[in-house]
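Trainee:
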Amino acid sequence: MPQTAELISVIVPVYNVKDYLVQCVKSIINQTYKDIEILLIDDGSTDGSGKICDSLSNKFPIVKVIHKKNEGLGLTRNVGILNAKGKYVTFIDSDDYIAPSFIENLVLGLKKYNVDSIISGFKRIDSNNNIFYKEEYKMQVYEDDDVMDKVFTKMLGSLPEKHDSLKMSVWGNLYSMEIIKRYNLYFVSERKIISEDIIWNNDYFKKIRRVAILPFCDYYYRSNDNSLSLKYNPKRFQQVIYLYLILKQIIKEDHLPQNALLRTQKQFFVNIRSCISQLQNLFLKKHYQELLTIINDDTLQEVLSQYPIERLNTKQKIFLLLLKNRDAKLLFILNKSKLI
Numbered sequence: 001m002p003q004t005a006e007l008i009s010v011i012v013p014v015y016n017v018k019d020y021l022v023q024c025v026k027s028i029i030n031q032t033y034k035d036i037e038i039l040l041i042d043d044g045s046t047d048g049s050g051k052i053c054d055s056l057s058n059k060f061p062i063v064k065v066i067h068k069k070n071e072g073l074g075l076t077r078n079v080g081i082l083n084a085k086g087k088y089v090t091f092i093d094s095d096d097y098i099a100p101s102f103i104e105n106l107v108l109g110l111k112k113y114n115v116d117s118i119i120s121g122f123k124r125i126d127s128n129n130n131i132f133y134k135e136e137y138k139m140q141v142y143e144d145d146d147v148m149d150k151v152f153t154k155m156l157g158s159l160p161e162k163h164d165s166l167k168m169s170v171w172g173n174l175y176s177m178e179i180i181k182r183y184n185l186y187f188v189s190e191r192k193i194i195s196e197d198i199i200w201n202n203d204y205f206k207k208i209r210r211v212a213i214l215p216f217c218d219y220y221y222r223s224n225d226n227s228l229s230l231k232y233n234p235k236r237f238q239q240v241i242y243l244y245l246i247l248k249q250i251i252k253e254d255h256l257p258q259n260a261l262l263r264t265q266k267q268f269f270v271n272i273r274s275c276i277s278q279l280q281n282l283f284l285k286k287h288y289q290e291l292l293t294i295i296n297d298d299t300l301q302e303v304l305s306q307y308p309i310e311r312l313n314t315k316q317k318i319f320l321l322l323l324k325n326r327d328a329k330l331l332f333i334l335n336k337s338k339l340i
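With the first letter of the sequence shown counted as 1, position 180 gets the number 180 in the UniProt record's numbering; the numbers rise by one all the way through.
1) Could you check if residue 9 is buried or exposed, using at least 16 other CB atoms within 10 Å of its CB as the buried criterion?
2) Using DSSP's beta-bridge definition, name the partner residues of residue 90.
3) Give the DSSP bridge partners of residue 200, in chain order.
4) In terms of alpha-carbon separation, which member of 335, 21, 67, 119 lies closest to residue 215?
5) Start and end of the beta strand (DSSP E) containing residue 42?
6) Who does residue 176 pair with in a DSSP beta bridge?
7) Quick check on the DSSP output: the alpha helix (DSSP H) that includes residue 319 runs from which residue to which?
8) Cα separation between residue 247 and residue 156?
9) For a test of the three-state rule: what should DSSP assign to residue 274, helix, strand or coil?
10) Does DSSP classify residue 117 as helix, strand or coil?
11) Evaluate the contact criterion for the segment 74-89 versus the segment 46-61: three or more CB pairs, one atom per stretch, below 8 Å.
12) Shorter than 6 Å, the distance from the beta carbon of residue 264 to the closest heavy atom of the ligand FAD, or not?
13) Just grab the DSSP bridge partners of residue 122 for me.
14) Applying the 10 Å Cβ sphere with the 16-neighbour rule, what's the burial state of residue 132?
15) Have a look at the DSSP bridge pairing and note the partners of residue 210.
16) Is the CB-CB distance between residue 122 and residue 72 below 7 Å?
17) In the DSSP output, what is residue 67 paired with across the bridge?
18) Could you give the residue range of the beta strand (DSSP E) that holds residue 220?
19) Would residue 187 and residue 152 be called neighbours here (beta carbons separated by less than 7 Å)?
20) What residue range does the alpha helix (DSSP H) around residue 302 cover?
21) According to DSSP, residue 97 sits in a beta bridge with which residue or residues?
22) Residue 329 by DSSP, collapsed to three states: which one?
23) Hey, out of 139, 15, 201, whose CA is closest to residue 112's CA?
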């Protein structure tokens, strides 16, 4: 543990995760870095998760519980921010868990490099805790204009021919509470903007001087088969369009590098693919009608006309060409066959 310990607030939004909640919280309790508080913010759970939170709080003094009505992830994190007493904060999703040295490594990096934020990699796991993907970053420290130009810009997505993005999520990072409170940085609702994290990160990174990216992967991110992102949401497509337009405006206002728009557009297509995949379990007529709505959208077609499709790999190229050519029938067949 660092000689001069700083209190770290660990904010854990909780909603219907009874199968994973204890594993998550115990992984935080068992940290080698002990100067922590754990804030479990129960977002109106209906599966007994709230009672599990209370039980953990009664057993472990560092665990504090706040129960609230259901409002979604972003607004639940805000409750955590308002009640946090730490000098720094990290966010952990309640179906994920962390290695014992996770917070200690974040704090060591913070002290060693004298930065305002730490970004770390992660391992993706399935429901049985099997690791099937690892995202590890090279050690880098950025300051001043490079914070936005070389860090936030990479959070927007990858270049066409590469996978060189940084995760846009806030989980697994370390942030300064002094900066958060000084500038009143709070999350928007993901019910309005599908990626509240990227908007919040934009607000935060504009205000800081230095950030370090560390090469360790001590955060275990669970890919949940019951995730809302996998279920059909009739509003999702318009939310994807709205997010793209907001990010396009941010790129302009923040004078980000030219490649920022390319990165945003590639992630936009990833989100479009997700919207189409959600249609798979709809009745055939509804599936086809929704697909037509997507491929005939003016914003989508405008982005397709601008994007260098030829720089993509073969699978990505085929998908975008089908969109660009408005080939609804072939897209429909491929999607029903789960080949998209």
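Virtual Cβ for every residue (Gly too), placed ideally from N, Cα, C. Since the model is a prediction, treat every value here as computed from it, not as a measurement.
Mentor: In short, the structure shows the following:
1) Buried, since its Cβ has 16 or more Cβ neighbours within 10 Å.
2) Per DSSP, the beta bridge partners of residue 90 are 10.
3) BP columns for residue 200 are empty, so no partner.
4) Minimum Cα distance to residue 215 is reached at 119.
5) Residue 42 -> beta strand (DSSP E) spans 36-43.
6) Answer is 88.
7) Looking at the DSSP string, the run of the alpha helix (DSSP H) that includes residue 319 is 314-324.
8) Near 8 Å, if we compare the C-alpha coordinates of residue 156 and residue 247.
9) If DSSP states are grouped into helix, strand and coil, residue 274 belongs with the helices.
10) In the structure shown, the three-state DSSP call for residue 117 is strand.
11) Between the segment 74-89 and the segment 46-61 there are fewer than three inter-stretch CB-CB distances shorter than 8 Å, so the stretches are not counted as touching.
12) This structure lacks the ligand FAD; in fact it carries no ligand of any kind.
13) Residue 122 pairs with 135.
14) Answer is exposed; the Cβ neighbour count stays below 16.
15) Residue 210 pairs with 143.
16) The Cβ atoms of residue 122 and residue 72 lie no closer than 7 Å to each other.
17) BP columns for residue 67 point to 42.
18) Per DSSP, residue 220 belongs to the beta strand (DSSP E) from 219-222.
19) In terms of Cβ geometry, residue 187 and residue 152 do not form a close pair [threshold 7 Å].
20) It spans 298-306 - the alpha helix (DSSP H) in which residue 302 sits, taken as one unbroken run.
21) DSSP output for residue 97 lists 220 as bridge partner(s).
22) In the structure shown, residue 329 falls within a helical segment according to DSSP collapsed to helix, strand and coil.
23) Measuring C-alpha to C-alpha distances from residue 112 to each of 139, 15, 201 identifies 139 as the nearest.
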